[in-house]
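Residue numbers (my numbering): 6 to 261.
Built from N, CA and C at the ideal position, the CB exists for glycine as well.
Below: one structure, written as structure tokens.
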């Protein structure tokens, strides 16, 4: 049930491998660091990464009278997670379902989870513009959805796919919170200097062309990759990644 949810944010990408789930996780952890109660709903059925990133693998999902109870990261219950990854025996297990079964399961995730007084629900969607996305939007009609964050990388192929995602959002009436360019440079773990490995500013140019907000760039930092279950701003506050995420979290909370 989404009746206890104040804000819904979709995290989308045109293609896989751009770090969408990492962005979802760090955004959620950043909102928790601001003192908010947050939920992550992982509807990427074929590639559920959230349990792994938050080190919650092998946790069990329980039920109460109101539905499924999210798995919480700690006793404070400030961050709850629901993912099909909790329902498989191993991260190597594949979900071999046809479209109708996938959409039925997503409907169940959106209607039968007991989110208890959540300020923000982050929905980590699959890559692309498929049945899963349409199902999510159909079931959010009665819920105040803030909009979508679109994640890209600097490479042209990723930018091309995000254009399709932008078109999908406009056709389906999804407000666009903004674009994030992930993997934008490499931060040296020794000197903290950021070097552009690929091209840069493609995400910014894309956002300007479509007249949507550009939320910022997030470089690669090996130290962050090893600590995915913690908010980067609390462990490496001076890192360029931390500065980027602090700005992104603030802009999601205050879009205007």
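Taking all protein chains shown into account, decide if residue 107 is buried (16 or more other Cβ within 10 angstroms of its Cβ) or exposed.
Buried.
Report buried or exposed for residue 187, applying the criterion of at least 16 other Cβ atoms within 10 angstroms of its Cβ.
Buried, since its Cβ has 16 or more Cβ neighbours within 10 Å.
When you compare only the Cα positions, how much space is there between residue 13 and residue 127?
Those two C-alpha atoms are separated by around 6 Å.
Rounded to whole angstroms, what is the Cα-Cα separation between residue 136 and residue 84?
So the two alpha carbons sit approximately 28 Å from each other.
State the DSSP-derived secondary structure class of residue 63, mapped to helix, strand or coil.
It is coil, neither helix nor strand.
Mapping the DSSP letters down to three states, classify residue 126 as helix, strand or coil.
In this structure, residue 126 counts as strand in the three-state DSSP scheme.
What separation, rounded to the nearest whole angstrom, lies between the Cα atoms of residue 209 and residue 75?
Going by the C-alpha atoms only, they are around 36 Å apart.
Considering Cα atoms alone, identify which of 72, 201, 89 and 141 is closest to residue 17.
The option with the nearest alpha carbon to residue 17 is 141.
Per the contact definition of three or more C-beta pairs closer than 8 Å, is the region 49-67 in contact with the region 214-234?
Segments in contact, yes.
I need the boundaries of the alpha helix (DSSP H) containing residue 136, first residue and last residue.
136-143 is the extent of the alpha helix (DSSP H) around residue 136.
Pull up the distance between the alpha-carbon of residue 254 and that of residue 69, whole angstroms please.
Distance between the alpha carbons of residue 254 and residue 69 is about 32 Å.
Give me the Cα-Cα distance between residue 92 and residue 63, rounded to the nearest whole angstrom.
Each residue's Cα considered, the two are about 9 Å apart.
Look at the alpha carbon of residue 35 and the alpha carbon of residue 251, and state the distance between them as a whole number of angstroms.
Spanning the two alpha carbons is a distance of roughly 7 Å.
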